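Novice: In order, the protein sequence lines correspond to chains X and W.
The numbering of the first sequence is numbering that gives the first Met the number 0, which starts it at 0 and goes up by one.
The numbering of the second sequence is numbering that gives the first Met the number 0, which starts it at 0 and goes up by one.
Structure incoming, see below.
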Amino acid sequence: MSDVFLLDGEQVPFTVGQTVMAAARAAGRYIPHLCWHPEFQPHGSCRLCTVKADGHFAAACTLAARPGMTVDNRTAELDDQRRTLLQMLFVEGNHFCPSCEKSGACKLQATAYELKMMTPHFDHFFPDRAVDASHPDLLLDFNRCILCELCVRASRDADGKNVFAITGRGIKSHLIVNSPSGRLADTAMSLADRAASVCPVGVILAKGRGFVIPIGERRYDRQQIGAAEEQ
Amino acid sequence: MKPKIATTSLAGCFGCHMSLLDIDLRLLELLQRVEFDRSPINDIKTVGPCAIGLIEGGVCNAENVEVLREFRRHCKIIVAFGACAVNGGLPAQRNHLDLRDILEEVYQTSPGLAPGCSIPNDPELPLPLNKVHPIHEIVRVDYFLPGCPPSAEAIWKFLNDLIIGRTPVLGHGLLRYD
Ligand code: SF4
Ligand code: SF4
């Protein structure tokens, strides 16, 4: 017998120790998120999954489910805050979707569609970030990094290679490659690594595959993100 | 009286206007319900009082600023029409570079230029801005229609909503940034 909590008024079963996010996902429910992934330890950094649990704000990905708990998820108030978080992510980097190979399969973009983000609203930073094309099979385009640390977790916990890290603080935080030269070519990273396919946006991209799936037929073109499987 | 619509392309490629033409026969239906004021479609050059102004493209030079402000003064509703108006788009991809460096490279130092080439400086040319801006960084914008370009279906849905006074809503497949 499993316990249940209420997510937007509907019962969601959970097992002891499960988070609100994991239980909701297992039950086919969608709580908007970017840094959470079922294969990895929750990180609680993007704050997109913030819900109101028994009246208190909490990140659904780190919040342990409790029997009888009442969780508000897709309320206008929470979705407004989520949209603002997304807008800040968009203006902080350089997200030029029409030329991005991830377009249509990007979680940031698809989440923004789901939350009806019509404009980035804030003034753009237009930061200057170099790309790293040194690796024979992989391209790194740092312009699109949202600092979710999924690649950091995947490389460390699944691949055992520790290729990526976040450095700097606050607005200066950025992703670095863990090699003396700082270049991806000088790491043990390979195309088969979990870290090579885990990036929710268009930073870590396999080379030589551009437009293999045409725009308009990609993952979130076919299905809204709430209904799609985690990638 | 039919409501008036004005359209213009600032730092855009006219792709959004081409997509507007892609509504095909529905253009005739649209013309039953609205009248076009200044627009590349009819080549009227000055904008008068309008219900809706569609702005394609971001703002990359002094003339763009002037035209955009002119539209804002005359249109009740300003729509950022397409990716470049919404977020700067392709032209804004120059924003991390220094403007003088770009002009020098294009007109003076890149290989294959005729000897004596220099940066164009004709008084008729509008002065470029240091950065390309989405239009909401210059004027108040009422609605945003993203897409590079927005599809004819998205434009049709959006305009229909606007004309009958409803907040435009684009469902799955119509709201796109690419
Ligand atoms: S990473 Fe996503 S949001 Fe950013 S440019 Fe690519 S498709 Fe667009
Ligand atoms: S590169 Fe991708 S996976 Fe890694 S932190 Fe940035 S957005 Fe996340």
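Cβ atoms here follow ideal geometry from the backbone N, Cα and C, with glycine treated the same way.
Since this is a predicted model, take the numbers as computed values, not measurements.
Could you please go through the chain and list the residues whose beta-carbon is closer than 5 Å to any non-hydrogen atom of ligand 1?
Specialist: Counting every residue whose Cβ lies closer than 5 Å to a heavy atom of ligand 1, we get X:H94, X:C96, X:C99, X:K101, X:S102, X:C105, X:L107, X:Q108, X:R143, X:V200, X:G201.
Novice: If we define contact as Cβ-Cβ less than 8 Å, is L27 (chain W) a contact residue for chain X?
Specialist: Chain X, which has no Cβ nearer than 8 Å to the Cβ of L27 (chain W), makes this no.
Novice: Please confirm if V78 (chain W) has its CB atom under 8 Å from at least one CB of chain X.
Specialist: Judged by the 8 Å Cβ criterion, V78 (chain W) is not in contact with chain X.
Novice: Is L88 (chain X) close to ligand 2? I mean its beta-carbon at under 7 Å from any heavy atom of the ligand.
Specialist: It does not: the Cβ of L88 (chain X) is nowhere closer than 7 Å to a heavy atom of ligand 2.
Novice: Please name the residues in the region 103–127 of chain X whose beta-carbon is closer than 8 Å to at least one beta-carbon of chain W, in chain order.
Specialist: Here the close residues are G103, Q108, A111, Y112, K115, M117, T118, P119, H120, D122, H123, F125, P126, D127.
Novice: What residue range does the alpha helix (DSSP H) around N63 (chain W) cover?
Specialist: Per DSSP, N63 (chain W) belongs to the alpha helix (DSSP H) from 61–73.
Novice: Using only the heavy atoms of ligand 2, determine whether one of them is closer than 7 Å to the beta carbon of L149 (chain X).
Specialist: Yes, Cβ of L149 (chain X) sits closer than 7 Å to a heavy atom of ligand 2.
Novice: Residues of the region 77–101 of chain W with a CB closer than 9 Å to any CB of chain X: list them in chain order, please.
Specialist: Cβ contacts with chain X come from A79, A82, V85, N86, G87, G88, L89, A91, Q92, N94, H95, L96.
Novice: Could you pull the DSSP bridge partners for T6 (chain W) from this structure?
Specialist: Its beta-bridge partners are W:L53.
Novice: Under the DSSP definition of a beta bridge, which residues are partnered with V50 (chain X)?
Specialist: DSSP lists X:A57 as partners of V50 (chain X).
Novice: Tell me, please, whether the CB atom of D141 (chain W) is closer than 8 Å to any CB atom in chain X?
Specialist: Taking Cβ atoms only, chain X never reaches closer than 8 Å to D141 (chain W), which makes this a no.
Novice: Short of 7 Å Cβ to Cβ, which residues in the region 43–66 of chain W face chain X?
Specialist: Flagged: no residues at all.
Novice: How long is the line joining the alpha carbons of L53 (chain W) and I170 (chain X), rounded to whole angstroms?
Specialist: The straight-line gap from Cα to Cα measures roughly 35 Å.
Novice: Can at least three beta-carbon pairs, one atom from the region 30–48 of chain X and one from the region 58–76 of chain X, be found at a separation below 8 Å?
Specialist: Yes, the region 30–48 of chain X touches the region 58–76 of chain X.
Novice: Determine contact between the region 217–230 of chain X and the region 161–170 of chain X, defined as no fewer than three beta-carbon pairs at a distance below 8 Å.
Specialist: No: fewer than three Cβ pairs fall under 8 Å.
Novice: Cutting at 7 Å between CB atoms, please list the residues of its own chain near S102 (chain X), excluding the five before and the five after it.
Specialist: For S102 (chain X), where only same-chain residues beyond five positions count, the Cβ hits under 7 Å are C96, Q108, I214.
Novice: For V58 (chain W), which option in W:C49, W:G88, W:D42 has the closest C-alpha, if you only look at C-alpha atoms?
Specialist: Comparing Cα positions, the closest option is W:G88.
Novice: Leaving out five residues before and five after F4 (chain X) in sequence, what residues of the same chain have Cβ atoms less than 8 Å from its Cβ?
Specialist: For F4 (chain X), where only same-chain residues beyond five positions count, the Cβ hits under 8 Å are Q10, V11, F13, V19, A22, A64, R65, P66, G67, M68, T69, V70.
Novice: Consider the C-beta atom of I224 (chain X) and the heavy atoms of ligand 2; say whether any pair is separated by less than 7 Å.
Specialist: Flag unset: Cβ of I224 (chain X) not near ligand 2.
Novice: Closer than 7 Å: is that where the CB of V140 (chain W) sits relative to any heavy atom of ligand 2?
Specialist: Answer for V140 (chain W): no, Cβ out of range of ligand 2.
Novice: Given that P199 (chain X) touches chain W, what residues does it touch there, using C-beta distances under 9 Å?
Specialist: Those within 9 Å of P199 (chain X) in chain W number zero; the least Cβ separation is about 15 Å.
Novice: Are there 16 or more other CB atoms within 10 angstroms of the CB of G146 (chain W), so buried, or fewer, so exposed?
Specialist: Its Cβ being crowded by 16 or more others within 10 Å, G146 (chain W) is buried.
Novice: Could you check what DSSP says for E136 (chain W) in three-state terms: helix, strand or coil?
Specialist: Residue state, collapsed to three classes: helix.
Novice: I101 (chain W) to P119 (chain W), Cα distance in whole Å?
Specialist: Cα-Cα distance, rounded: 13 Å.
Novice: Give me whichever residues DSSP pairs with E123 (chain W) in a beta bridge.
Specialist: Note: E123 (chain W) sits in no beta bridge, so no partner.
Novice: For H95 (chain W) and V176 (chain X), I'd like the C-alpha separation in whole angstroms.
Specialist: Distance between the alpha carbons of H95 (chain W) and V176 (chain X): 22 Å.
Novice: Whole beta strand (DSSP E) runs in the region 142–222 of chain X with 3 or more residues, listed along the chain?
Specialist: If we require 3 residues or more, the beta strand (DSSP E) runs fully inside the region 142–222 of chain X come out as 163–166, 173–176, 203–205.
Novice: Cβ of F95 (chain X) less than 8 Å from any chain W Cβ?
Specialist: Yes, contact with chain W.
Novice: Would the C-beta of I170 (chain X) count as close to ligand 2, meaning under 7 Å from any of its heavy atoms?
Specialist: No, the beta carbon of I170 (chain X) sits no closer than 7 Å to any heavy atom of ligand 2.
Novice: For Y142 (chain W) versus V78 (chain W), is the C-beta spacing smaller than 8 Å?
Specialist: Contact flag set, yes.
Novice: Relative to the C-alpha of D136 (chain X), which candidate in X:A187, X:L174, X:D78 has its C-alpha closest?
Specialist: The residue with the shortest Cα to Cα distance from D136 (chain X) is X:A187.
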